[in-house]
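Chemist: I have a structure here, written as structure tokens, and I will follow up with some questions on it.
2 protein chains.
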Amino acid sequence: MTMKNHQITIFDLARELNISKSTVSRVLTGHPNVHPDTRKRVLDLAEKLDYQRNMIAIQLATQQSRTIGIIIPEILSSYFPYVIAAIQEEARNEGYNVIISQSNESYETEVTNAKVMLDNRVDGVIVSITKETLNFDHLKVFQKKGIPIVFFNRVCNEMVVPKVIVDDYEGAFGAVEHLILSGRKRIAHLSGPSSLAISVKRLNGYLAALKKHNIPADPELIISYDFSKEKIAIYVNHLINLKNPPDAIFAINDPTAIDTIQIIKKNGLRVPEDIAVVGFSDDYVSALIEPPLTTVAQPVREIGITAAQLLFDQIKKDSSQWKTPVKVLKTKLIIRKSS
Amino acid sequence: MTMKNHQITIFDLARELNISKSTVSRVLTGHPNVHPDTRKRVLDLAEKLDYQRNMIAIQLATQQSRTIGIIIPEILSSYFPYVIAAIQEEARNEGYNVIISQSNESYETEVTNAKVMLDNRVDGVIVSITKETLNFDHLKVFQKKGIPIVFFNRVCNEMVVPKVIVDDYEGAFGAVEHLILSGRKRIAHLSGPSSLAISVKRLNGYLAALKKHNIPADPELIISYDFSKEKIAIYVNHLINLKNPPDAIFAINDPTAIDTIQIIKKNGLRVPEDIAVVGFSDDYVSALIEPPLTTVAQPVREIGITAAQLLFDQIKKDSSQWKTPVKVLKTKLIIRKSS
DNA sequence: CCTAAAATTGGGAGCGCTCCCAATTTATTT
DNA sequence: AAATAAATTGGGAGCGCTCCCAATTTTAGG
């Protein structure tokens, strides 16, 4: 029961200056047609009275929330915080607020979050889906209502809207080729859930690199998993104990790669001597672990900025002029000691 | 220019059912005094027409934004994301939205962000200040306007409001005592800016531990720095090259400790054999680096939950009943290989 | 000095909803 | 069946602001 002391409104300012609220509104919104003297008087009084505009009223009147939403699967790895930071920066420049929601990799939560965004009348959303998301009705609603939506990282294939991704295929290809060129013969791949396009693309990059170098793909060495921490140990141990174990592991992402390294070490094997490991994303941690992780770096900042720009492009234009570009950004292989 | 297709309002529902908007409003807000049949008819139609309530209008009418703000210095280390995740969870349970803003350790930005929160009429804020924040007028405004505010981690001493902190003194004391008990004689301390209470408290804990064990504090071994990455190398190198160098370093936080380890290693010295290192916070990274970092763990989840609860306590009560508890949570020393 | 044009201001409806109070309908009691 | 109480509904003002259109004032032109 927040007892708000009566707030100062434009009407108060108007009364005090003996002018109309319309005029006050004009100067406060930076409208040009107002006498310089009047403008000054209003501004001075607003300053003096510590007037604070009520965005909620403005939003209602203008039918714009000046808020964008970000829906992401998690915030605890370093990839998303960096992207978010970049998005927020762009949003601030445009004078927009940002509502962030984590889905915690849960489809249900993602649906709820989308609903909340809708309730709050966001002017646009930037989303990266959960590993569980197979149905996209909750996101198509935005399209249907004419609310701009932009995907990044984990995108929805069946929706034709702007997207920002990296060249996962090429990134994976480069990483695996690097392993091959450094003499690895049996390269395993810890893949992600096949529902995610990034999983498939990285897997394809992996397969293509093998093929190019005439190494037959061994199904035994390809494991698709659902990002659950507990499972990694099982899979890595399984790989290690094969009669013909891998001499390298290419992991779908850095957290997986890092855990993989821990488990390999726990088994008394050495990285990279016995098994080389390569990850994807260049998390903040990756340079710090022992051995430092070879990984495919993503331009996180650029991803965030691009996504935000694509969104604001739409927000500013009439929906009839919307384009649906898919920006594919370049990755960069960072070779460290783990390979 | 988002072309919003005319949205369905409670008035539309009312007209369709031939009842008044008041009644529709009643059922939609869960008001009890409404005939069950009517309730059902309204709910069914709302469902059928995919009615979506307009939170902005509700906010204006009720004078409540149902939004809380979080102001933090940064989001890129793992401490804050964890705390935020916990706060968001609590907020969701209470039906509140969350606006997050990073100050990037800049006072200016913090002031701007506070203003944005005010513009958006947040019902409360949870804040952790930047290292630069010495003036608190921008935060006192919340108090003045009767908007609940709760501090955590980096708190403002001159404001009497609820706070959530950990026992920094004791945490530091325990960490340093641990170093002493494991035989270290010359323990340096990389402290934070003295403007932050946590810096002072951790420093005091450090000093107290030395005192207890009759080790004279050597000013040469105590360095206060401003969290700037570049400086760490300078300071650590300086310490190493003293005629009488330290055999242990207690760092104000984990990022500092981690960088310290890197620099020590770069100098050809071993951790912990030559110099032991202890950090503070138990960042996600800390267990993964080589050697794994001994650190003082903070109950991040509990911190977030507690802060949120303290905030909602106030939001729900009249300001006359506000209490100003300072919750001091326990830390836990996690001993790993770096000491 | 009068008139037309330009600049500036005011009035008022409207954004979608809540909530108080009064009106109406239904149920209860004697 | 009348009178009263309880349940349900409707009306309308108000939240703080924007923005269109009309009114007023100022400036320019002849």
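Chains as they are written, first to last, in the numbering used here: chain R, 750 to 1088; chain E, 750 to 1088. Glycine residues also receive a C-beta, built at the ideal position from the N, C-alpha and C atoms.
(1) Can you give me the Cβ contacts of R:Arg764 inside the same chain, cut-off strictly under 6 Å, excluding the 5 residues immediately before and after it?
(2) Cβ of R:Val865 within 8 Å of Cβ of R:Ser850?
(3) Give me the Cα-Cα distance between E:Pro1048 and R:Leu794, rounded to the nearest whole angstrom.
(4) Among all the DSSP beta bridges, which residues are the ones paired with E:Leu1078?
(5) Against chain E, which members of the region 865 to 878 of chain R pass a CB distance test of less than 9 Å?
(6) Quick one, which residues of the region 786 to 813 of chain E are near chain R if we go by CB-CB under 8 Å, in chain order?
(7) May I have the straight-line CA-CA distance separating R:Thr751 from R:Ile1013, to the nearest angstrom?
(8) Report yes if the CB atom of R:His927 is closer than 8 Å to the CB atom of R:Ser1088, and no otherwise.
(9) Short of 7 Å in beta carbon distance, which residues of its chain neighbour E:Ile1064, apart from the five on each side in sequence? Order them along the chain.
(10) I need the DSSP call for E:Gln851, collapsed to helix, strand or coil.
(11) Take R:Lys753 and list the residues in its own chain whose beta-carbon comes closer than 7 Å to its own, dropping the five residues that flank it on each side.
(12) Under 8 Å, Cβ to Cβ, is there at least one residue of chain E near R:Ala966?
(13) May I ask you to list the residues that DSSP assigns as paired with R:Val1026?
(14) Please report whether the beta-carbon of R:Ile757 lies at a distance below 8 Å from any beta-carbon of chain E.
(15) Short check: CB of E:Ser1035 to CB of E:Tyr828, under 8 Å?
(16) Return the bridge partner residues of E:Asn846 from the DSSP annotation.
(17) Restricting to Cα atoms, I'd like to know which of R:Val910, R:Gly920, R:Ile819 and R:Thr1080 is closest to R:Asn869.
(18) Could you list which residues in chain R have their beta carbon closer than 8 Å to that of E:Tyr831, in chain order?
(19) Counting pairs of Cβ atoms below 8 Å between the region 944 to 958 of chain E and the region 978 to 986 of chain E, do you hit three or more?
(20) Where do the N-terminal and C-terminal ends of the beta strand (DSSP E) with E:Thr758 fall, by residue?
(21) Do you know offhand how far R:Ser948's Cα is from R:Ser940's?
(22) Looking at the structure shown, is R:His780 part of a helix, part of a strand, or coil, going by DSSP?
(23) Considering only C-alpha positions, which residue in the set E:Leu809, E:Arg933, E:Thr1073 and E:Tyr800 is nearest to E:Ile1021?
(24) Determine which residues of the region 1046 to 1073 of chain R have a Cβ less than 7 Å from any Cβ of chain E, and write them out in chain order.
(25) What did DSSP end up calling E:Leu991 once you bin it into helix, strand or coil?
(26) Going by DSSP, name the residue or residues bridged to R:Gly895.
(27) Does E:Gln837 get closer than 8 Å to chain R when you measure Cβ to Cβ?
(28) Suppose you measure from the CA of E:Phe976 to the CA of E:Gln756; what does that come to, to the nearest Å?
(29) Could you spell out the range, first to last residue, of the alpha helix (DSSP H) harbouring E:Gly873?
(30) Restricting to Cα atoms, I'd like to know which of E:Ser1069, E:Glu1051 and E:Pro1074 is closest to E:Thr1080.
(31) Check E:Thr751 in the structure and name its three-state DSSP category.
(32) Give the straight-line distance between the Cα atoms of R:Ile875 and R:Gly1053, rounded to the nearest whole angstrom.
(33) Could you check the C-alpha separation between R:Tyr856 and R:Pro781 for me, to the nearest Å?
(34) Just to confirm the assignment, what range does the alpha helix (DSSP H) spanning E:Val1045 have?
(35) Would DSSP call R:Lys1066 helix, strand or coil?
Modeler: Concretely, from the data shown:
(1) none
(2) yes
(3) 47 Å
(4) E:Val915
(5) Val865, Leu867, Asp868, Asn869, Arg870, Asp872 and Gly873
(6) Gln801, Arg802, Asn803, Met804, Ile805, Ala806, Gln808, Leu809, Gln812 and Gln813
(7) Reliability fails at R:Thr751, whose pLDDT of 38 lies under 50, so the model's placement of it is uncertain and the value that follows must be treated cautiously. Cα to Cα, R:Thr751 sits roughly 56 Å from R:Ile1013.
(8) yes
(9) Asp872, Gly873 and Pro897
(10) strand
(11) For R:Lys753, the predicted model reports a pLDDT of 43, less than 50, meaning its position is unreliable and no value from the coordinates is stated.
(12) no
(13) R:Ile998
(14) no
(15) no
(16) E:Thr816
(17) R:Ile819
(18) Leu825
(19) no
(20) Looking at the DSSP string, E:Thr758 is not in any beta strand (DSSP E), and its letter there is neither H nor E.
(21) 6 Å
(22) coil
(23) Inspection of the sequence shows that residue 1021 of chain E is occupied by Pro rather than by Ile. Ranking E:Leu809, E:Arg933, E:Thr1073 and E:Tyr800 by Cα distance to E:Pro1021 puts E:Arg933 first.
(24) Ile1064, Lys1065, Lys1066, Asp1067 and Ser1068
(25) coil
(26) According to DSSP, which records beta bridges pairwise, R:Gly895 is partnered with nothing at all.
(27) yes
(28) 50 Å
(29) Here E:Gly873 belongs to no alpha helix (DSSP H); instead the beta strand (DSSP E) covers Gly873 to Val876.
(30) E:Glu1051
(31) For E:Thr751, the predicted model reports a pLDDT of 38, less than 50, meaning its position is unreliable; a value from the coordinates is still stated below. Of the three classes helix, strand and coil, the one that applies to E:Thr751 here is coil, per DSSP.
(32) 9 Å
(33) 48 Å
(34) No alpha helix (DSSP H) holds E:Val1045; the beta strand (DSSP E) holding it covers Thr1043 to Ala1046.
(35) coil
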